[in-house]
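Trainee:
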Amino acid sequence: MNETVPNPAPPLQAVDYRLKGYHLEAMVAPDQVVPAARAMDEQGFSLDTITGVDWLAQEQMEVVYDYFHPARGLRTVVRARIPRDQPEIPTISGVFPGANWHERETHDFFGIRFLEHPDLSPFLLPEDADFHPLRKDYTA
Amino acid sequence: MVGAPIAPHPAAIAPKETFVLNLGPQHPATHGVLRIKMTMDGEYVDRAEPVCGYIHRMHEKMGENRTYAQFLPNTGRIDYLSAMHYTHAFVSVVERAAGIQVPPRAEFIRVITSELNRISSHLVWWGAFLLDLGGFTPLLYAFEDRERILDLLEGITGARLTYCYYRFGGLCNDVDDTFLEGTRQFIAKMRPRLKMYRALVTDNIILRKRLIGIGPISAELCRRYGATGPVLRGSGVTYDVRKAEPYSVYPELEFDVPTFPEGDSMARYLVRMEELAQSLRIIEQALGKLPSGPVMAEKVPRVLKLPAGDFCFAVEAARGRFMVRVVSDNKEVPYRVKLRTPCLSNLSLFEEASRGLFLADALALLGSLDLVIPDIDR
Amino acid sequence: MNALNEIYSGFNSLLVGLRITLGQFFKPGVTVHYPRQTLKIPRRYRGHIELVANPETGKPLCFACKLCERACPSDCISLEGVKLEGDKRKTVASYQLDFTKCSLCGSCVEVCRDGAIRFSRDYNLAGVAKEAFCMDLVQRLREQLAAATPEAPSPKRQAQPEIPHPRFSPALARARNDAPPAAVPGPAATVAAARMTPAFGAGSMDALLPRLGPPATGRAALPDAHCVGAKQGEGSIP
Amino acid sequence: MNALASNAAAFLDAEPWRLLVWLAALLGFVALNAAYLVWVERKSAGRFQRRPGPTEVGPAGLLQPVADGLKLMAKQLVVPAGADSALFRAAPLMVIAPVLMGLAVIPFGRGLAALDLNVGLLMIFALGSINVMAIMLGAWASRNKYSLMAAGRMVSQNIAYEIPMLLVVTTMAMVTGTLDLNQIVAQQAGAFWHWNLFRLWVNPLMPVTFLIYYACMLAETNRAPFDMAEAESELVAGAYTEYAGMGFGVFFMAEYANIVLGCSLATVLFLGGWHSPFGLLPGLAWFLLKMYFLVFSVIWVRWTFPRTQFYVLLNLSWKILIPVSLLTLILSAAIIKIPKALS
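Protein sequence lines correspond, in order, to chains E, H, F and X.
Residue numbers for the first sequence follow my numbering, so the first one is 306 and each next one is one higher.
Residue numbers for the second sequence follow my numbering, so the first one is 3 and each next one is one higher.
Residue numbers for the third sequence follow my numbering, so the first one is 17 and each next one is one higher.
Residue numbers for the fourth sequence follow my numbering, so the first one is 119 and each next one is one higher.
Now the structure itself:
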C-alpha cells in the first residue's frame, strides 16, 4: 500500500478514456477493496459511487467502486467479484464516510452484504423490503 | 446586528435532553418527499438523519428492461429541473460506446440548451431557497425569468420540463430563428435582472446575516462524501466536469468556474449566482459560433447494440457531477444502467455538516445544497 | 465606527430592497389569467397522439405496421389492422392509446414513417375516471372528421395551422361535456372539435364504457377495470 | 319623535352604554379590518410579485374575505389528542380580547375615542403583554413540537422587544409630559413639523426613535421579517400548527388587529394623530390615511425581505435597539432638564 501515484497498490491499468469514460481501472480481490480505498484516499481521490453488477451466468456479483480526483480530473474504477451465493465484501465506509449510503443502496438492490457496515437497513426501498430488485433473477 | 453570529458552544450541547423532530416527508422546507429525522436539543440540531426513498422509482431497473432509445425519456425525469444535462449524459455514453460522431451544430445546440436549462434550474433553486429563508417575492421574480427559458425550450422541443430533445447522434429537430433570436433577447434581458437580484437579495443585510458563516463545509468534507457541483465549488475547489473531463464543445468556449473558498452557505449561494452569469456567457459565445449543417449523425443504426463492456459518461449537471454507467452485453437492451446522481452525495454530508447548528441554520444549509429529491431516490 | 458603518450599510440595503419591490409594484402583471386567457400553443407542442386522415379518402393513413407499438417505452399503444378487400395494405381497425401510462416522449411519432400519427393539441385533459384516458384513436378520428369541415386536416404535421385556443366560455365548457356541436366551418372548428372528443367530457363516460368491450366478469364498468379490457373489444369495431 | 331620538342619544351617551356601543363598533372595525387587510395584503403581495392576486370571488376578488371567513367557520375545530382542551380553545379568545381593549383608548379623531383615559398609553402596554402569553399558552396546549419551539421563540422575542419599545414610549411620555393619548395628539397641532417625528429640537434622534418603535412593532406583532412564531419554512405554522377553522381564523384576525393597533399608536405618538398637515379632509380621514399608510408599509416590508434568524433577532434587540433607545431616553431627559436647571 506504500507505493505512490503511477502505480498504487491495486494493479491499475490505463484504459482509453475516450472509449470508456475513465482513465484507470483495477480488478482486486474482495479483501483488497479497503486497502484500495485507502490508497485512493491518500492520493486525494473522492468517491464517485459504488454499485453492483449481477453476473448471473458466471454465478458472480461484481462490486464497482468509482473514484474521481477533484483536482486532477482523473477517473478510476476499482472492481471486485464475489460469489453470488455468498455476496459479502468489507465496507469502505470507514475510509470514505460517503460510501455509507452507496453501500446501503447496493445492498438494497443486489443484496450484497457489506461487512461491518454501520447500518444496512433499506435506503431507497421500503423499510420492510426483503427483495433485491436488480438481481437478474428477480421478478416482480 | 453587531458581531459574529452566536456559534453553538459545545457546552450548550453537552447536557442532553433531546427530542426527535420528524421533518418531512411533508414539510415546507424539504421541497418534496425528503424526511429528516432530527434529534433536537432545544433549537440545536444534535443529529439530522435523512431518510430517503419516498419517491424511489427504480429507473435503473427500467433501464434493463427497455432499449437504449426507450430509456431516453426516463433520463429527463431523474432530476426534472436539469433534464437536458441528464439526457446529454445518456446520449453521450451511447454515442461513446457506439462510436457515433455527432455533427458540430448539434453539439453547439446541446450546449446552448443545456446552459439554458442550467439557468432555469438555478433560478428555481434561487426562488425556493429564498422561500426557505422566508422571502416569498424572489420566487416569483425568478419564475418570471424562468418562464422565458421554458417558452424558448418549449418552442423547439414541445415540452416545458422533460424535454427529451437529444437523440443518439444529434437532436430530434433543428432550432429555428425564433429560438435563436429569442435566446439573444433573453440574454439581453437577463443581465439587468441579475443586477436586480443582487440589489434585492444578495446585498440584503438580513440574507447576509442568514448565510455568512452558516453551515460551513470544508473541501475535505466534500471529498470524503463525494460532494460535487456548486457545493464543492463553494468550498473553494475548482472542480467542474466541463473542465475536468471536457465533453461536447465546451473546450471551444471560454468560461470561468466560479469558486468561493469560504465554504459557508453564502459561498454556495454566490457560486450559483455567478454561474448564472457564466452560463449566459457560454450561450452568447455558442450562438456566435453556431455552425450550419445537419443536426443528426448520418449513420445511426436503427437497432442500437452497444459492444460488450462498460462505459461511463459524466456531465456537469446543475447540481453537480452526473454520471451514467452502461454495462452492455451486446444486446438491444443494456445489461445494467447505473445513474450516479449528484444530490445523493451532496445530501450525504448533511448529517455531519448540520451537527450543532440551529434549526433555522440547518434548514438554510439544507436549502443551499439545492436538492431535488427524485434525483436522490431515482 | 465600524459597527456604525455596518448598521448604516445594512439599513441602506433594506431601503434598496424596498425601492425595488415598490418599483415592481407599479409595473403591469406578467401572468396570464387562465382559463380566461390562454397562451398560443407552440407548433411542436407534444400532446397525446392522434391519427391523421388521408385528405382525399378520409381514412386513417395508418396501415398498422406497429412500429409505434414497438417503440413505445411504456407499452401504452396497442393497435390492430385489417386487410380490406381490394387494398394492398392493411388499414388500422383499432388504435388503443392508454394515456395513463404515456410519458409524452414522442417516440411513436418519430418512428412513424408515413406521418400517420401526430401530436394533438389537447392540453387541458382532466377526467374523473381512469377509463377516460384509454382512448380509441380510430373512433376519435371518426368523430373529429364528423365534426369538422369537409376538408380533413392536412396529414403533414408541419402544415398544421397555429391556432390560438378559443377563449374559455362557460357555454364551451358545457358543450364539451355534451355532444359535439354542429360543424362550424373553418380550422377553428377542427381544433374545437378535437378538444371536444367525448373521451374527455364528464358526460361522455357512458358513451365510452360500452366500447370497453364485453365485460368478462361484469366488472368492466368499475373504476379498476383497466384499459386492457379495451383490447377484448376489438371485434366490436368494424 | 324628536324627543325620543334625543332621549335615545342621551341614553346612549350615558357611560356604560356609550362604552358598549363603542366596543361593538370597534369589534366591527377590527373584524372588517382583519378581513379586508387580508385582501389588501393578498392584492399587494400580488402587485409586488407582478400578478393579479385574488380575482375570482366578487369584483376584483372583493368578496374573497367573506368566502374565506365562511370556509373557516364551516371547518371543524380539531383539538389534538392529548392536548389541553380548555387552554387550547381559550387561547384564541385571549389573543383577540386585549387588542380590542387597547383600541378603546386610541383617539381616532378629536374626542373620538371609546375611553378618554388619562393613562391610555399605560393601558395599551399593560394589556399588550397578554397577547404573547395567550399565543404561548395556545402553542403549549397544542402538544406539538413545532408549536412548542415556536412558543419558546415567541416568549424570548417578545421579552426582548418589549424593552426597547417601552423605552421608546417612555421617551415619548417624557417629551410630551403625559400618558393621555388625546393630549399627546393635541400637542402636535399645526403643520407637520409639529409632529413628534419631526420635533428634532426636543430630541435630535426622533426619527431613530420612530424606527426603533417600528421595528419593535413588527416584532411584537410577529410580522415578517420577525415572524418567528409562524416561520412556515422552519416550523410549518409555528404556534398555529394545530389550529384549524375559526381557531386559526381568530389568531389571524388578532394578527391584523395588532397591526392596526400598533400603527394607530405610531400615528398617535409620532405622526400627529388626526391633525392634517394642510387642512382639507376631516381629522378622522387623516388619521386613517396615516394609519393605513403604515399598515401598507408593514405589508411592503413583509413581501420584500427574508426572515431573520432567531438569534440575530435577539442580537438586534439587545445589542442595538436597547442601547440606542436608552440613549434617546437620556438625550431627551437632558434636553428637557438641563435648560430648566440652568435658568
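Glycine included, every Cβ here is placed at the ideal spot set by N, Cα and C.
#1: Hey, could you find the ends of the beta strand (DSSP E) T381(E) is sitting in?
#2: So, G227(X) versus L387(X), is the Cβ gap smaller than 8 Å?
#3: With the cut-off set at 8 Å, would you say A268(X) and L353(X) are in Cβ contact?
#4: Quick one, are the C-beta atoms of R105(F) and F79(F) less than 8 Å apart?
#5: At a threshold of 7 Å, does K63(H) count as lining the ligand NAP (C-beta to nearest heavy atom)?
#6: Hey, is N67(H)'s beta-carbon within less than 8 Å of any beta-carbon in chain X?
#7: Out of V383(E), E421(E) and G416(E), which has the shortest C-alpha to C-alpha gap to F428(E)?
#8: Does DSSP classify T426(X) as helix, strand or coil?
#9: Where does E330(E) land, buried or exposed, given buried means 16+ other C-beta within 10 angstroms?
#10: Span of the alpha helix (DSSP H) holding G238(X)?
#11: For the alpha helix (DSSP H) that V338(E) lies in, which residues bound it at each end?
#12: Taking the straight line between their C-alpha atoms, what separation do you get for F188(H) and P106(H)?
#13: How is Y410(X) classed by DSSP in three states: helix, strand or coil?
#14: Classify L155(X) as buried or exposed, calling it buried when 16 or more other Cβ atoms lie within 10 Å of its own Cβ.
#15: Need the endpoints of the beta strand (DSSP E) that I57(F) sits in, please.
#16: In the DSSP assignment, find the unbroken beta strand (DSSP E) run with S356(H) in it and report its ends.
#17: So the beta strand (DSSP E) E51(H) belongs to, where does it begin and stop?
#18: Can you tell me which residues form a DSSP beta bridge with F373(E)?
#19: Any idea what DSSP makes of R148(H), helix, strand or coil?
#20: With the cut-off set at 8 Å, would you say L195(X) and G365(X) are in Cβ contact?
#21: Would you check if the region 153–171 of chain X and the region 414–429 of chain X touch, i.e. whether three or more CB-CB distances between them fall below 8 Å?
#22: When you check each C-beta in the region 234–262 of chain H against every C-beta of chain E, which residues fall closer than 7 Å?
#23: List the residues of chain F that I438(X) touches, going by C-beta distances under 8 Å, in chain order.
#24: Leaving out five residues before and five after W404(X) in sequence, what residues of the same chain have Cβ atoms less than 6 Å from its Cβ?
#25: Would you say G26(F) reaches chain H, if we count a Cβ-Cβ gap shorter than 8 Å as a contact?
#26: For chain H, is any of its Cβ atoms less than 8 Å away from the one on E126(F)?
#27: Can you tell which of P316(E), G403(E) and V320(E) has the C-alpha that lies nearest to the C-alpha of E2(H)?
#28: For P344(H), which of F360(H), A320(H), Y337(H) and E300(H) has the nearest alpha-carbon?
#29: By the criterion of Cβ-Cβ separation under 7 Å, what are the contact partners of S119(F) in chain H?
#30: Rounded to the nearest angstrom, what separates K43(F) and R168(X) at their Cα positions?
#31: Under 8 Å between beta-carbons, which chain F residues line up against F423(X)? List them in chain order, please.
#32: Exposed or buried, what is L100(F) when buried is set at 16 or more other beta-carbons lying within 10 Å of its beta-carbon?
#33: So, does the region 303–312 of chain H touch the region 73–80 of chain H, judging by three or more C-beta pairs under 8 Å?
#34: Name, please, each residue of chain X whose Cβ falls closer than 9 Å to the Cβ of R212(H).
#35: Listing by chain order, which chain B residues have their CB less than 7 Å from the CB of M272(X)?
#36: Given a threshold of 16 other Cβ atoms within 10 Å of its Cβ, counted over all protein chains shown, does I456(X) qualify as buried or as exposed?
Mentor: Working from what's here:
#1: Mapped onto the first sequence, residue 381(E) falls at position 76. Element bounds for T381(E): R380 to P388.
#2: What you label residue 227(X) is simply residue 109 of the fourth sequence in a count that begins at 1. What you label residue 387(X) is simply residue 269 of the fourth sequence in a count that begins at 1. No. Outside cutoff.
#3: Taking the first residue of the fourth sequence as 1, we reach residue 268(X) at position 150. Taking the first residue of the fourth sequence as 1, we reach residue 353(X) at position 235. Yes, they are a contact pair.
#4: The residue you call residue 105(F) lines up with position 89 of the third sequence. The residue you call residue 79(F) lines up with position 63 of the third sequence. A contact, by the Cβ cut-off of 8 Å.
#5: What this structure holds is no ligand at all, so the ligand NAP is not there to describe.
#6: By 1-based counting over the second sequence, the position of residue 67(H) is 65. No, N67(H) does not count as interfacial toward chain X.
#7: In the first sequence, residue 428(E) corresponds to position 123, counting from 1. The option with the nearest alpha carbon to F428(E) is G416(E).
#8: What you label residue 426(X) is simply residue 308 of the fourth sequence in a count that begins at 1. In this structure, T426(X) counts as coil in the three-state DSSP scheme.
#9: If you number the first sequence from 1, residue 330(E) lands on position 25. By the 10 Å Cβ count, E330(E) comes out buried.
#10: On the fourth sequence, residue 238(X) is found 120 positions in, with the first residue counted as 1. Here the alpha helix (DSSP H) through G238(X) covers G238 to A259.
#11: Here residue 338(E) refers to the residue found at position 33 when the first sequence is read from its first residue. Looking at the DSSP string, the run of the alpha helix (DSSP H) that includes V338(E) is V338 to E347.
#12: As a position in the second sequence, residue 188(H) is number 186, starting the count at 1. As a position in the second sequence, residue 106(H) is number 104, starting the count at 1. In this structure, the CA atom of F188(H) is about 23 Å from the CA atom of P106(H).
#13: One-based indexing of the fourth sequence puts residue 410(X) at position 292. In the structure shown, Y410(X) adopts helical secondary structure according to DSSP, grouped into three states.
#14: The sequence position of residue 155(X) within the fourth sequence is 37, counting from 1. Burial of L155(X) is indicated by the presence of at least 16 other C-beta atoms within 10 angstroms of its C-beta.
#15: Mapped onto the third sequence, residue 57(F) falls at position 41. Element bounds for I57(F): n/a, residue is neither H nor E.
#16: Within the second sequence, residue 356(H) is the residue found at index 354, counting from 1. In the DSSP assignment, S356(H) falls outside any beta strand (DSSP E) and carries neither an H nor an E.
#17: In the second sequence, the residue the question calls residue 51(H) occupies position 49. Its beta strand (DSSP E) spans residues Y46 to V53.
#18: Counting from 1 along the first sequence, the entry for residue 373(E) is found at position 68. In DSSP, F373(E) forms a bridge with S351(E) and R380(E).
#19: Within the second sequence, residue 148(H) is the residue found at index 146, counting from 1. DSSP places R148(H) in helix when its eight states are reduced to three.
#20: As a working mapping, residue 195(X) is identified with position 77 in the fourth sequence. As a working mapping, residue 365(X) is identified with position 247 in the fourth sequence. With respect to the 8 Å criterion, L195(X) and G365(X) are classified as neighbours on the basis of their beta carbons.
#21: A contact between stretches requires three or more CB pairs, one per stretch, nearer than 8 Å, and the region 414–429 of chain X meets this requirement with the region 153–171 of chain X.
#22: Contact residues of the region 234–262 of chain H toward chain E are L234, V239, Y241, A246 and E247 (C-beta to C-beta distance below 7 Å).
#23: By one-based count along the fourth sequence, residue 438(X) stands at place 320. Neighbours of I438(X) on chain F, chain order: I23.
#24: Along the fourth sequence, read from residue 1 onward, the residue named residue 404(X) stands at position 286. Around W404(X): W392 and S394.
#25: Within the third sequence, residue 26(F) is the residue found at index 10, counting from 1. Yes, G26(F) lies at the interface with chain H (some Cβ there is under 8 Å from its Cβ).
#26: Residue numbering aside, residue 126(F) sits at position 110 when the third sequence is read from its first letter. Under the Cβ criterion of 8 Å, E126(F) is counted among the residues facing chain H.
#27: For chain H, the structure presents residues 3 to 380; residue 2(H) sits outside this window and is missing.
#28: Here the question's residue 344(H) lines up with position 342 in the second sequence. If we check each option's Cα against that of P344(H), A320(H) comes out closest.
#29: On the third sequence, residue 119(F) is found 103 positions in, with the first residue counted as 1. Neighbours of S119(F) across chain H, judged by C-beta separation under 7 Å: P75.
#30: Taking the third sequence and counting its residues from 1, the one referred to as residue 43(F) is at position 27. Taking the fourth sequence and counting its residues from 1, the one referred to as residue 168(X) is at position 50. If I take the Cα positions, the gap works out to 7 Å.
#31: For the purposes of this step, residue 423(X) is taken as the residue at position 305 of the fourth sequence. The answer, in chain order, is L30 and G33.
#32: Position 84 of the third sequence, counting from 1, holds the residue named residue 100(F). By the 10 Å Cβ count, L100(F) comes out exposed.
#33: As far as the Cβ criterion goes, the region 303–312 of chain H does not touch the region 73–80 of chain H, which means the pair count is below three.
#34: In the second sequence, residue 212(H) corresponds to position 210, counting from 1. In chain order: P424, R425, T426, Q427 and V430.
#35: The structure shown has no chain B; the protein chains it does contain are E, H, F and X.
#36: On the fourth sequence, position 338 is the one that residue 456(X) refers to. The residue is exposed, with fewer than 16 neighbouring Cβ atoms inside 10 Å.
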